[in-house]
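J.: Take this structure, written in C-alpha cells, and hold onto it; I'll ask about it next.
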Amino acid sequence: MKRRKFLKKSTLATAAAFSAPFILPSGRLFAKTMNRKVNHVVFCLFAGGVRNLESVHLNEGNLMPATLAGADSTIPGLDPLPPSPHPVRLTTEGALFKEFRYREGPTGHFNGHTVALTGVYTNTGLNLAANPQYPTLFEYYLKHNSPSVTARNAWWVSNALGPYPALNYSSHPSYGPIYGANHLAPTALLGAYDVIRQPKQFQFHEEELIKKVRGFLNKNFDKESSNDGKGNFNTEADAESIRNFLQSMITLVDQGGYLNPLGMPTQTANNDVFTIFFAEEVIKAFQPELLVVNMTDVDACHSNYSQYCNNLRKADYALAHLWKTIQETPGMADDTLLVVVPEHGRNLETNTVQDVYGRFGVDHTGDPTSREIFSLILGPDSVITRDTVYGTPANPVGESIDIVPTIADALGFLPNITSNFLSGRVLNEAFR
Amino acid sequence: MRSYLFTLIAFFFLLSGCQQEQDIYLYEVNPVDVTQDGANKQNLKSDLEFLSLAFSDLFGQTVPNSVLNMMVTAYNSLGDKTLVADILIRNMLNSPQAQVPGASEMRNNPQAFITATFNKFYIRDPQEYEIWFLTDLIENDQQITPEIIWYAVLTSDEYRYF
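Here the protein sequences come in this chain order: A and B. In terms of our numbering, the first sequence opens at residue 4 and continues consecutively. In terms of our numbering, the second sequence opens at residue 83 and continues consecutively.
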C-alpha cells in the first residue's frame, strides 16, 4: 500500500470509527474482543545454533546456570562470570519445553529466524537479500491487534546486520512495511558512531519551517511516493521519540555508560551481551508490547567449540539479566511473557576443526540432532504453569512454528488473523 | 478524364498543404528553457546512491569509502529509513565542511539561490511557482535560513529519485 494512501485511509478510518460502526471483511461488526493473557511479550531468539546436548541435557555440566538446575560446568576455557543477575533459576518461573523441534527445512540461521518469526517452515533456501515471503509476527500484531497500535510498540533488535534487518516485515502484498516493526541493530549502529553522533538540531520554529518547505516540495512531486526504500513506518510523534532515544544512546556511549554491560566486565562481554544491554534500553524507554531480540555468538562452534560453551554461558547470563530488567520495568513487571528458543540446533557429529583445547567444532547441516532444540516460556505466576517441564526425547512437545500462534494468542490478536498461513498451535501447556 | 485530373491535382495540393511551412510569430516574451520537471523522475535512488550523492552535494567531493561504509552501516541498522536518512543528513549538515551558502547570499538574491539549489539537488531548474513560493518565504520570514531550505530539499521525496 502506498504510504500517503495509507495515511489518508487511516485518517478516514479513524474518523469513520467515531461516526459509524465498522464492518470487518469477515462480516463481524467489530474485531473480536481481545482476550489477552499478558500485555507484553519479549521473544528472545537464543540463536546461533544451540545443541540440546550442551544446553538442557547438561552433557558438559551446566552451561546455563542462571536458567537450569545442575552443577556448574568445569570444562576449560570458560570466562569467570558474576553470579546470576536474577535471584532464582529461570525455569522456576517458566514452563520448559525440553524437547522442542525444528522439524522442517534447512538448518540455516536465517531460515531458522524466518521460521520462528513467520510461523511457517521454509523448505527451500531463502534469498538472503529479500524480506520473508510470509507475514511476520510483527505484521500480524500491527495489523490485527485491536485497538490499533503503532510500530513504537513493536521492536526487532538484532545483534548483527547481514540478512537480519529484513525480518521486520515480509513481502506479502497484504502486509509489508506499513505493518513492519522498528528494527534496530544497536552494536552496528553505534559502530557507525562518527556519522550519527552530532545531528544538526533545529529549533521548534525551524522545524515548522522545514515542514512547510518540504510539504510544498513533496506536494509538487506528488507521484504517490511508494514505500520503496522507506522501511517501516512511524508516526511523526513516534519518530521524534525514537530520534530522542537514539540521541540518548549516543550520549550514553559518550559517557561510557555501555562499559561493564549488564554488570559484566567489558573485556568479557561479547556482542550478544551488548545487544541485550541495548534491548533493555529499548524496554526501559518504550515498554513495547512486542520486542524480539536475538543472540548468535554461540555460532563460534563451527571452529571453536570451547568458545561456543563460553558464549552459551554468557547468553544464559544475559537472558537472566533481560528477565530481571523486565521485572524491574514499571508497566512490564508481572505482565510480560519472555519466550526463549534457539532457531535450530547443531549436528551430532563434529567437524575436523580443533580449538586450542583440542576439541572439535560442530556444524549444523540438517541431521536429526540439529533439529532438537528447547523452548522456555517465562511469565507471571497467574499466567504460566511455572517450574514445569514438557517433552521427552521419545515424545517431543512443541515445534518452531508454534511460537507465532502462541505469542499471538497471549497478546489476544490470534482470532483476528484471517489468513491461513499459520499451521502451528498455541502451546497451551505453558498456560494456566 | 477531366474529373480524375482535378481530383489528382486537389490531392496533390492537400498533401503539400500538410507540409507547408508555417509563419513564425515572435511575441514579446523571453525564451524559456524547458528542463526535466520533477514529475518525470521515475527511478528511485538506491540507498548507496542516495547517501553518496547527498555527501557529494553537500561537501563538493566524492564520499570517502570509510565514510560511505559507516553511513551504509548506520542506514541498515535502523528499520525506519526516513528516520535514519534524516539523522545522517543532519550530521552532514552539521559538519563545518558542508558547503552551505550564507544567509546574506540567499537574501541578496533569492532567485539565484533557489535556482542554484534546484540545479544542485534536483538537477533541474525551478518552476516559476516554486521560485515564487520560496522567494516569498525568504523575503517575508526572517527566520528562514539556507540550511532549512537545503535540509528540506535533501529530505524531500524528489531527492530520492533520479
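Even for Gly, the Cβ is constructed at its ideal location relative to N, Cα and C. Given the structure is predicted, the values throughout are model-derived calculations rather than measurements.
Quick check: what's the CA-CA separation for M316 of chain B versus F200 of chain B?
T.: Not covered by the structure: residue 316 of chain B. The range shown for chain B is 83 to 244.
J.: For K233 of chain A, go through chain B and note every residue whose CB falls closer than 7 Å to its CB, in chain order.
T.: Under the 7 Å cutoff, chain B gives K163 and T164.
J.: Mapping DSSP to helix, strand and coil, what is E284 of chain A?
T.: E284 of chain A: helix per DSSP, three-state reduction.
J.: Below 8 Å, how does it come out for the segment 147-162 of chain A and the segment 195-204 of chain A: are there three or more Cβ pairs, yes or no?
T.: Counting Cβ pairs under 8 Å, fewer than three are found: no touch.
J.: Helix, strand or coil, according to DSSP, for N42 of chain A in the structure here?
T.: If DSSP states are grouped into helix, strand and coil, N42 of chain A belongs with coil.
J.: Is the number of C-beta pairs between the segment 326-340 of chain A and the segment 271-286 of chain A that are closer than 8 Å three or more?
T.: These segments touch.
J.: Can you name the residues of chain B whose CB is closer than 7 Å to the CB of F219 of chain A?
T.: The contacting residues are F215.
J.: Once DSSP output is grouped into helix, strand and coil, what is the label at R106 of chain A?
T.: Reduced to three states, the DSSP call for R106 of chain A is coil.
J.: Which ranges would you report for the beta strand (DSSP E) in the segment 303-366 of chain A if only whole runs of at least 3 residues count?
T.: Within the segment 303-366 of chain A, the complete beta strand (DSSP E) runs of at least 3 residues are 339-344.
J.: Give the single residue among B:K123, B:T164 and B:W232 whose Cα lies nearest to the Cα of F236 of chain A.
T.: Cα-wise, what sits closest to F236 of chain A is B:T164.
J.: For the segment 126-213 of chain B, which segments carrying the alpha helix (DSSP H) assignment without a break, of at least 4 residues, lie completely within its bounds, in sequence order?
T.: List check, alpha helix (DSSP H) in window: 129-141, 147-158, 163-176, 185-190 and 192-204.
J.: Give the single residue among B:Q209, B:K202, B:I169 and B:D139 whose Cα lies nearest to the Cα of Q179 of chain B.
T.: The shortest C-alpha separation from Q179 of chain B is found at B:D139.
J.: If you reduce the DSSP assignment to three classes, tell me which class F178 of chain A lands in.
T.: Phe is not the amino acid found at residue 178 of chain A; the sequence shown has Tyr there. Y178 of chain A: coil per DSSP, three-state reduction.
J.: Would you grab the beta carbon distance between A98 of chain A and T388 of chain A for me? Rounded to a whole angstrom, and I think it's under 8 Å.
T.: Confirmed, about 5 Å.
J.: According to DSSP, simplified to helix, strand and coil, what is H186 of chain A?
T.: Note: H186 of chain A maps to strand in three-state DSSP.
J.: What residues in its chain sit with their C-beta under 6 Å from that of T271 of chain A, if we drop five residues either side in the sequence?
T.: Here the set comprises D82.
J.: Report the CB separation of Y124 of chain A from G108 of chain A in whole angstroms; it is logged as a contact under 8 Å.
T.: Sure, about 5 Å apart at Cβ, within 8 Å.
J.: Apart from the five residues just before and just after N55 of chain A, which ones in its own chain have a Cβ nearer than 7 Å to its Cβ?
T.: Taken in chain order, the residues that qualify are G348, E375, I376 and F377.
J.: Taking only beta carbons into account, state which residues of the segment 131-159 of chain B come closer than 7 Å to chain A, listed in chain order.
T.: Listed by position, the residues of the segment 131-159 of chain B near chain A (Cβ gap below 7 Å) are V149, M152, M153, T155, A156, N158 and S159.
J.: Which one of A:P291, A:E292 and A:I279 has the shortest CA to CA distance from D300 of chain A?
T.: Looking at the Cα atoms, A:I279 is the closest of the given residues.
J.: Can you tell me which of A:L193, A:L294, A:M37 and A:D241 puts its alpha carbon nearest to the alpha carbon of V45 of chain A?
T.: Closest option to V45 of chain A, Cα to Cα, is A:L294.
J.: Might you give, ordered along the chain, the residues of its own chain that have their beta carbon closer than 7 Å to the beta carbon of V392 of chain A, omitting 5 neighbours on each side?
T.: Once the five neighbours on either side are set aside, the close Cβ partners of V392 of chain A are L99 and K101.
J.: Just how far apart, CA to CA, sit H175 of chain A and Q136 of chain A?
T.: So the two alpha carbons sit approximately 6 Å from each other.
J.: When DSSP labels each residue in this structure, what does G64 of chain A get in the three-state scheme?
T.: Reduced to three states, the DSSP call for G64 of chain A is strand.
J.: Does the beta-carbon of W232 of chain B have 16 or more other beta-carbons within 10 angstroms, so that it is buried, or is it exposed?
T.: Answer is buried; the Cβ neighbour count reaches 16.
J.: Closer than 9 Å by beta-carbon distance: list the chain A residues that pair up with E212 of chain B, in chain order.
T.: Within chain A, the residues near E212 of chain B are F219, L220 and N223.
J.: Give a yes or no on whether the minimum CB-CB distance between A185 of chain B and chain A is below 8 Å.
T.: No, because no Cβ of chain A sits closer than 8 Å to the Cβ of A185 of chain B.
J.: So, is D197 of chain A buried or exposed, given that buried needs 16 or more other C-beta atoms within 10 angstroms?
T.: By the 10 Å Cβ count, D197 of chain A comes out exposed.
J.: My assumption, with CB atoms under 8 Å, is that V91 of chain A sits in contact with Y105 of chain A. Please give the rounded CB distance.
T.: Wrong, their Cβ atoms sit about 29 Å apart, outside the cutoff.
J.: For T95 of chain A, which residues in the same chain have their Cβ closer than 7 Å to its Cβ, ignoring the five residues on either side in sequence?
T.: Closer than 7 Å at the Cβ level, and outside the excluded window around T95 of chain A, lie R389 and D390.
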